[in-house]
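See below:
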């Protein structure tokens with residue numbers, strides 16, 4: 055079988071979760087004897103480390119307007135050149151790429167299109183849900199705070215729902231299958247799209263993308279956050295608030311923050327102005343070494359799809375503490391066994407969970423082992439079988 059992955063950026067291990075997913079799944083397909091091709095909407099940062107590609111990688115000529123005839127012809131020629139059977143549209147969150155893939159599908163006989171939604175269906179609604187006190191304390195600009203207040207109004211939320219209904223219903227009609235990341239997301243997608251039937255909706259979790267096994271011998275008293283320094287989705291402001299509560303009770307522990315973003319300088323300023331101790335701002339770097347050395351991972355997001363950071367950390371024996379703010383949270387983390395899931399956005403309880411786990415070495419060791427064992431449920435060997443089941447269904 056010949057498979058084409060459509061991504062936003064050129065797939066590298068240094069880009070993001072969606073690109074790492076494409077490389078991991080595509081690599082497995084290639085290992086199983088299938089031909090794999092990638093098309094990206096945009097070039098990646100030319101100064102960033104490159105992945106040693108074993109597949110053909112292309113970038114569409116017009117990155118700004120995806121549905122142009124120039125792009126359609128470009129994609130169609132690649133599809134015909136490699137006799138592509140299935141397009142995996144990994145950027146199904148935008149109607150432009152959904153439409154581009156559909157136009158090509160209409161021009162190429164027997165071509166199938168699978169749309170993959172890498173985030174929660176109600177992502178756009180959850181992202182702007184923020185208590186007033188959190189908005190005021192967020193250190194965002196006055197304009198950004200006002201924007202958040204407006205987006206929390208019933209009128210604006212109705213506007214978002216209208217947009218999602220159009221996007222999701224179009225995606226459903228123009229795809230042979232729509233892949234969500236959790237079974238719990240299927241009724242949410244169906245409700246938002248106004249679907250009467252859901253025969254083309256499937257749930258397949260992400261596979262773990264790092265392959266290093268359990269090794270706790272080099273772990274230190276370090277707590278880890280991996281993600282963008284950003285407020286709406288990642289709630290990095292709450293992470294700082296939480297550590298401010300937990301740090302005085304954990305004098306021998308350090309919090310490492312891996313990632314950049316538009317809130318990075320504000321975090322840096324808060325650390326200095328508020329005298330918050332033992333926060334290490336590491337910027338953007340590969341997380342595997344930090345997973346291996348850290349004992350706990352924190353995730354404070356308001357919304358996620360199926361975050362790879364939880365699987366990657368677990369695969370290196372690092373349990374997680376997170377908010378119950380997205381459907382897949384309990385698919386990955388078993389509360390009280392492989393980590394803790396905290397009600398959104400109870401920062402006091404979150405801080406207490408950190409202190410509780412960090413102060414109990416025996417529990418930490420057990421959670422570490424449990425997390426590693428849980429990660430083995432999401433190996434590429436197991437997840438790829440679910441994809442092959444989808445192939446068989448849509449080719450009938």
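In the working numbering, the protein residues as written are 55 to 450. From the three backbone atoms N, C-alpha and C, an ideal C-beta is built for every residue, glycine too. Note that this is a predicted model, so its numbers are computed, not measured.
Cα-Cα separation between residue i and residue j, rounded to whole angstroms
i: residue 105; j: residue 64; result: Residue confidence is low: residue 105 scores 49 on pLDDT, short of 50, so the model does not pin down where it sits. Its coordinate-derived value is still stated next. Approximately 10 Å between the Cα atoms of the pair.
i: residue 419; j: residue 253; result: 43 Å
i: residue 304; j: residue 445; result: 50 Å
i: residue 56; j: residue 118; result: 27 Å
i: residue 245; j: residue 175; result: 10 Å
i: residue 334; j: residue 212; result: 41 Å
i: residue 148; j: residue 284; result: 21 Å
i: residue 103; j: residue 340; result: With a pLDDT of 47 at residue 103, under the threshold of 50, the modelled position of that residue is not reliable, and the figure given next carries that caveat. The straight-line gap from Cα to Cα measures roughly 11 Å.
i: residue 411; j: residue 205; result: 37 Å
i: residue 431; j: residue 386; result: 9 Å
i: residue 191; j: residue 271; result: 40 Å
i: residue 347; j: residue 273; result: 4 Å
i: residue 59; j: residue 90; result: 8 Å
i: residue 388; j: residue 130; result: 45 Å
i: residue 405; j: residue 349; result: 15 Å
i: residue 384; j: residue 110; result: 37 Å
i: residue 193; j: residue 320; result: 7 Å
i: residue 379; j: residue 398; result: 6 Å
i: residue 120; j: residue 308; result: 45 Å
i: residue 424; j: residue 366; result: 14 Å
i: residue 157; j: residue 218; result: 21 Å
i: residue 428; j: residue 421; result: 10 Å
i: residue 277; j: residue 352; result: 7 Å
i: residue 392; j: residue 409; result: 16 Å
i: residue 144; j: residue 306; result: 42 Å
Residue burial classification, residue i (beta-carbon count within 10 angstroms, cutoff 16)
i: residue 155; result: buried
i: residue 263; result: buried
i: residue 326; result: exposed
i: residue 291; result: buried
i: residue 260; result: buried
i: residue 173; result: buried
i: residue 343; result: exposed
i: residue 207; result: exposed
i: residue 137; result: exposed
i: residue 328; result: exposed
i: residue 200; result: exposed
i: residue 414; result: exposed
i: residue 361; result: buried
i: residue 293; result: buried
i: residue 227; result: exposed
i: residue 381; result: buried
i: residue 310; result: buried
i: residue 197; result: exposed
i: residue 97; result: exposed
i: residue 185; result: exposed
i: residue 390; result: exposed
i: residue 358; result: buried
i: residue 235; result: buried
CB-CB length for residue i against residue j, believed under 8 Å
i: residue 179; j: residue 214; result: 6 Å
i: residue 288; j: residue 355; result: 5 Å
i: residue 94; j: residue 62; result: 7 Å
i: residue 401; j: residue 295; result: 5 Å
Sequence-distant residues of its chain with Cβ nearer than 6 Å to residue i (five each side left out)
i: residue 165; result: 159
i: residue 230; result: 166, 167 and 448
i: residue 203; result: none
i: residue 139; result: 55 and 56
i: residue 71; result: 362
Extent of the continuous beta strand (DSSP E) run through residue i
i: residue 393; result: 393-396
i: residue 166; result: 166-170
i: residue 420; result: Here residue 420 belongs to no beta strand (DSSP E); instead the alpha helix (DSSP H) covers 415-429.
i: residue 276; result: 276-280
i: residue 233; result: 231-234
Sequence-distant residues of the same chain with beta carbon closer than 7 Å to residue i, five excluded per side
i: residue 301; result: 330, 331 and 332
i: residue 225; result: 146, 152, 169 and 232
i: residue 237; result: 257
i: residue 78; result: 261, 263 and 434
i: residue 337; result: 314
i: residue 128; result: 114 and 115
i: residue 126; result: 154, 157 and 158
Residue i Cβ short of 7 Å to the ligand COA heavy atom set
i: residue 136; result: The model on display carries no ligand, and the ligand COA is accordingly not part of it.
Extent of the continuous alpha helix (DSSP H) to which residue i belongs
i: residue 141; result: No alpha helix (DSSP H) contains residue 141, which is instead part of the beta strand (DSSP E) from 140-143.
i: residue 155; result: 149-161
i: residue 457; result: For residue 457 there is no data in the structure shown, the boundaries of the chain being 55 and 450.
Cβ neighbours of residue i in the same chain (closer than 8 Å, five flanking residues each side left out)
i: residue 88; result: 55, 56 and 57
i: residue 407; result: 375, 394 and 396
i: residue 242; result: 174, 175, 176 and 381
i: residue 239; result: 171, 174, 175, 257, 381 and 382
i: residue 134; result: 162
i: residue 223; result: 247, 248 and 249
Proximity test, Cβ basis, 8 Å: residue i and chain B
i: residue 325; result: Given the protein chain composition of this structure (a single chain), no chain B is represented.
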